[in-house]
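Note that the working numbering has the sequence shown beginning at 70, numbered continuously upward.
Note that CB positions come from ideal geometry on N, CA and C, so glycine has one too.
Structure record follows, encoded as structure tokens.
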Amino acid sequence: MTEHRLHDDRSGDEPPALQQAAEESPATLERPPAEHRDELPDDLNAAGYAGPYRFPDNSRRRIPGVIYLGLAAVCVVVWVLGEDGAAFVNDGFLWAAAALVVVAVISITSGWRMHVDEKEALVAAQQAVGFPVGHASAQQVWRGLRSRPTWRVLCYSTEDPPTRRGLVLVDAVDGRVVEHLVEDNPERWSAAPPTPPDRV
């Protein structure tokens, strides 16, 4: 009975395939593909963007609402066509269509179109707090059951360090000041850089 050998008789140690792989440089070996990572759409990614950044309009929320209405219509059509006794079509399609319509109505009615941008919100916030504003930042938030878009503006006075600060909510639809709070700045700022700790 003949014994099958897996090793090359010339080397006596390793198969030719292993010898060839050992002689190749690690740099020439094929590397596994990079991991897939989630990425923001171009209009939402502010990193590396040159120029003034413009917030996406809140009215884009109407787009999924229209899609939900289309899916609801498909469910109704399938339910009507399969009502004559199809095994996989039952009243669940009708209930799914009703749920999709409810979600679509909420999505469409909450898709407010924004008429006030962050610059106009900063101006309204400065008028509301009643002191000259130095550093300020605006953040878009939503309030209420219908998710009305609102600018939340945090601003500080012009002193160094600031002595007062204010928080202002500005409606992004009509520009009215919803609420504002002004107080003495409790934070302790220092213009000098922090001293490094002593090395032991």
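Item: Do the stretch 158-168 and the stretch 196-211 touch if we need at least three Cβ pairs shorter than 8 Å?; Value: no
Item: Could you give the uninterrupted runs of the alpha helix (DSSP H) lying entirely in the stretch 174-252, keeping only those of 4 residues or more?; Value: 187-198
Item: How far does the alpha helix (DSSP H) with P133 in it extend, from its first residue to its last?; Value: R131 to L150
Item: Between the stretch 182-189 and the stretch 137-147, do three or more beta carbon pairs fall short of 8 Å?; Value: no
Item: So, using beta-carbon positions, are V222 and A190 closer together than 9 Å?; Value: yes
Item: Do you know whose CA, among A173, G199 and E248, lies nearest W220's CA?; Value: E248
Item: How big is the Cα-Cα spacing for T97 and R106?; Value: In this prediction, T97 scores a pLDDT of 49, lower than 50, which makes its location untrustworthy; the coordinate-derived value is nonetheless stated afterwards. Answer to the nearest angstrom: the Cα atoms are 25 Å apart.
Item: Would A207 pass as a contact of A197 if the rule is Cβ separation under 9 Å?; Value: no
Item: Do E256 and P230 have their beta-carbon atoms positioned less than 9 Å apart in this structure?; Value: yes
Item: Relative to the alpha-carbon of V135, which residue among E228, V172 and D240 has its alpha-carbon at the smallest distance?; Value: V172
Item: Could you tell me the distance, in whole angstroms, from the CA atom of N254 to the CA atom of G203?; Value: 13 Å
Item: Please classify V174 as buried or exposed, where buried requires at least 16 neighbouring CB atoms within 10 angstroms.; Value: exposed
Item: Taking its Cβ as the centre, do 16 or more other Cβ atoms sit within 10 Å of W164, making it buried, or is it exposed?; Value: exposed
Item: Between A141 and A156, what straight-line distance do the alpha-carbon atoms span, to the nearest angstrom?; Value: 20 Å
Item: Determine the closest residue to G244 out of S226, V192 and Y225, with distance taken between C-alpha atoms.; Value: V192
Item: For A166, which of helix, strand or coil comes out of DSSP?; Value: helix
Item: Kindly give me the distance between the Cβ atoms of W303 and S128, rounded to whole angstroms, as I take these residues to be in contact under 8 Å.; Value: Outside the shown range of the chain (70 to 269) lies residue 303, about which nothing can therefore be said.
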